[in-house]
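J.: With numbering that gives the first Met the number 0 applied, the sequence shown corresponds to residues 0 to 377, in that order.
We put the beta carbon where it would ideally sit given N, CA and C, even for glycine.
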Amino acid sequence: MLFTAVPIHGHLLPVLPLAEAAAAAGDEVVVAVPASMGHLVDGLAVDATGPDAAELLAENDRRTGGADMADMRDVFPVASFFAGTRVDLTFDVALARAREFGAEVIVADEYDAVGAMVAAALGVPLVRHAVGLPVSPPALGPAMEALLTPRYAERRLTRAGRCALVDPWPAALHGPLWSPPADRLPIRPRAYAGTELADLPSFGGSAQRARVLVTLGTVLLDAAMLDALVDSVAALHDVDVLAVVAPGTDHTLADTRPNVRFVGFVPIAQLLAADVSVVVAAGGAGTVLAALDRGIPMVLWPKGAEKPMNAERVTAAGAGIAVDEPAQAADAVRKVLHDASYRAGAERVAGEIRAAPDPARVWSALRDRLRSGAVTGG
């Protein structure tokens with residue numbers, strides 16, 4: 000079983016629980032990731048495959064003129080990253096490695112065009128693992144298809160049919176018009192906990208102060224954006240602010256304010272376990288699911304990709320507030336802290352998340368489906 004994902008934390012980490020379940024069931028599992036991400040995969044065989052996100056982004060910037068990928072009014076730069084640049088730089092080596100391993104099934108994240116193309120080249124079943132809501136914005140899917148079609152044609156490949164869609168998103172966070180695909184297998188997501196316990200900074204003062212986690216995830220590396228959110232929330236003198244500086248962000252961890260602490264990358268599960276009352280974030284899928292799994296309400300400043308849709312679904316579920324600019328974050332945090340309905344909304348979503356089958360049950364169902372040869376066109 001070969002598990003593949005776009006080399007970004009938010010794409011790789013959601014796939015790992017299913018890979019671990021497959022290995023625990025006795026299947027031979029390999030996870031194909033760039034060497035720089037191998038440390039995130041614990042207890043499974045890793046095949047160092049392809050360039051990492053930094054190299055891919057640099058090449059994608061060269062191809063697209065350095066366009067802002069957070070500005071989704073033009074989806075081409077993002078489509079180019081997923082369906083153009085990464086395919087061109089990764090497919091050949093990924094296919095060679097998959098052949099060497101003897102992959103019989105490919106499990107690929109939903110944005111992973113390389114994994115799907117490898118399945119097509121080998122003629123083996125393809126399982127898709129969702130990492131977020133259905134591809135958003137709507138124009139992104141056609142833009143990716145326009146780039147993939149000639150690449151399949153050049154290699155004389157026919158698209159692999161999908162055997163199943165493993166989906167960690169609860170129905171409560173899907174849109175009102177959403178209808179679950181026939182091949183959907185819901186799965187309970189698991190927040191990444193890491194392999195070592197991080198040493199989180201302590202706060203002085205009253206233990207009654209609410210702790211607010213501020214994170215932009217691992218993709219938005221804009222120090223000014225992070226500071227704008229932190230400055231807004233830290234102005235509330237009855238809260239402590241734990242802010243995460245993503246790897247690659249040019250930002251010091253030092254800060255003189257008594258209610259602000261900056262930390263580098265820490266697994267999200269450990270951050271949320273530190274008595275967090277509210278999560279202020281950009282709205283990435285992993286952060287949203289991890290926070291709501293714990294019943295923690297959110298304040299979201301959605302920036303780029305699928306994040307505006309994620310924020311809309313969180314607010315529709317009554318589990319948080321979306322803001323248009325960082326200056327609004329303080330008032331939103333205050334409201335979430337003092338209006339119990341937001342915590343109740345987050346707990347409702349948490350109940351649905353926790354009711355989903357665990358990865359072991361999902362893998363067992365997948366094995367039955369693979370034995371039956373069921374394939375969809377999705």
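Please report the residue range of the alpha helix (DSSP H) in which Pro149 lies.
T.: Numbered from its first residue, the sequence shown carries residue 149 at position 150. Residues 139-153.
J.: Give, in chain order, every unbroken run of the alpha helix (DSSP H) that is at least 4 residues long and sits entirely within the region 270-352.
T.: Listed in chain order, the complete alpha helix (DSSP H) runs (minimum 4 residues) inside the region 270-352 are 284-292, 306-315, 328-337.
J.: Alpha carbon to alpha carbon, how far is Leu336 from Ala321?
T.: As a first step, residue 336 must be located in the sequence shown, where it is residue number 337. As a first step, residue 321 must be located in the sequence shown, where it is residue number 322. For Leu336 and Ala321, the distance between alpha carbons rounds to 15 Å.
J.: What alpha helix (DSSP H) runs, 4 residues minimum, are completely inside the region 171-235?
T.: The region 171-235 contains these whole alpha helix (DSSP H) runs: 222-233.
J.: With DSSP collapsed to three states, give me the class of Arg360.
T.: Taking the sequence shown and counting its residues from 1, one reaches residue 360 at position 361. Residue state, collapsed to three classes: helix.
J.: Could you name the residues that DSSP lists as bridge partners for Ala31?
T.: Start at 1 with the first residue of the sequence shown, and residue 31 comes out as number 32. Answer is Thr3, Asp46.
J.: Using only CA atoms, which one of Leu12, Ala190, Val77 lies nearest to Ala138?
T.: Sequence index remark: in the sequence shown, residue 138 carries index 139 (1-based). Checking every option, the nearest Cα to that of Ala138 belongs to Val77.
J.: Are Ala222 and Thr248 touching if we call contact CB-CB under 8 Å?
T.: The count along the sequence shown starts at 1 and reaches residue 222 at position 223. The count along the sequence shown starts at 1 and reaches residue 248 at position 249. Contact flag set, yes.
J.: Is Val5 close to chain C? Criterion is C-beta to C-beta, closer than 8 Å.
T.: Looking at the structure shown, chain C is missing, and only one protein chain is on hand.
J.: Taking only three categories from DSSP, how would you classify Phe100?
T.: For the purposes of this step, residue 100 is identified with residue 101 of the sequence shown, where counting begins at 1. Looking at Phe100 - three-state DSSP - the assignment turns out to be helix.
J.: Which residues does DSSP pair with Ala389 in a beta bridge?
T.: Outside the displayed range of the chain (0 to 377) lies residue 389, so it cannot be described from this structure.
J.: Helix, strand or coil for Leu156, going by three-state DSSP, please let me know.
T.: One-based indexing of the sequence shown puts residue 156 at position 157. If DSSP states are grouped into helix, strand and coil, Leu156 belongs with coil.
J.: Quick check on Arg256: does DSSP put it in helix, strand or coil?
T.: As a working note, residue 256 is residue 257 in the sequence shown. Arg256 falls in the coil class under three-state DSSP.
J.: Comparing C-alpha positions only, which one of Val332, Pro296, Val74, Thr314 sits nearest to Glu145?
T.: In the sequence shown, residue 145 corresponds to position 146, counting from 1. The amino acid occupying residue 145 in the given sequence is Ala; Glu does not appear at that position. Closest option to Ala145, Cα to Cα, is Val74.
J.: Going by DSSP in three states, Phe261 sits in which element: helix, strand or coil?
T.: Stepping through the sequence shown from its first residue, residue 261 is reached at position 262. It is a strand residue.
J.: Take the Cβ of Gly122 as the centre, count every other Cβ of all protein chains shown within 10 Å, and call the residue buried at 16 or more, exposed below.
T.: As a working note, residue 122 is residue 123 in the sequence shown. Result: exposed.
J.: Quick one: Cα of Trp362 to Cα of Val14, how far?
T.: Within the sequence shown, residue 362 is the residue found at index 363, counting from 1. Within the sequence shown, residue 14 is the residue found at index 15, counting from 1. So the alpha carbons of these two residues sit roughly 12 Å apart.
J.: Quick one: grab the DSSP three-state call for Leu94.
T.: What you label residue 94 is simply residue 95 of the sequence shown in a count that begins at 1. Helix.
J.: Which value, in whole angstroms, describes the spacing of the CA atoms of Ile295 and Ala22?
T.: The residue labelled residue 295 in the question sits at position 296 within the sequence shown. The residue labelled residue 22 in the question sits at position 23 within the sequence shown. Whole-angstrom Cα-Cα distance: 31 Å.
J.: Taking Gly101 as the reference, give the member of Val29, Pro149, Thr63 with the closest Cα.
T.: Indexing the sequence shown from 1 puts residue 101 at position 102. The option with the nearest alpha carbon to Gly101 is Val29.
J.: Might you give, ordered along the chain, the residues of its own chain that have their beta carbon closer than 6 Å to the beta carbon of Ala4, omitting 5 neighbours on each side?
T.: Stepping through the sequence shown from its first residue, residue 4 is reached at position 5. Cβ within range, chain order: His10, Leu11, Val14, Asp108, Asp111.
J.: Answer with buried or exposed for Thr214, where buried requires no fewer than 16 other C-beta atoms within 10 angstroms of its C-beta.
T.: Position 215 of the sequence shown holds residue 214. So Thr214 ends up on the buried side.
J.: Relative to the alpha-carbon of Arg128, which residue among Ala152, Phe90, Trp168 has its alpha-carbon at the smallest distance?
T.: Taking the sequence shown and counting its residues from 1, the one referred to as residue 128 is at position 129. Note that residue 128 corresponds to His in the displayed sequence, not to Arg. Per the Cα distances, Trp168.
J.: Thinking C-alpha only, which one of Val278, Ala142, Ala95 is nearest Pro301?
T.: Working through the sequence shown from its first residue, we reach residue 301 at position 302. Ranking the options by Cα distance to Pro301, first place goes to Val278.
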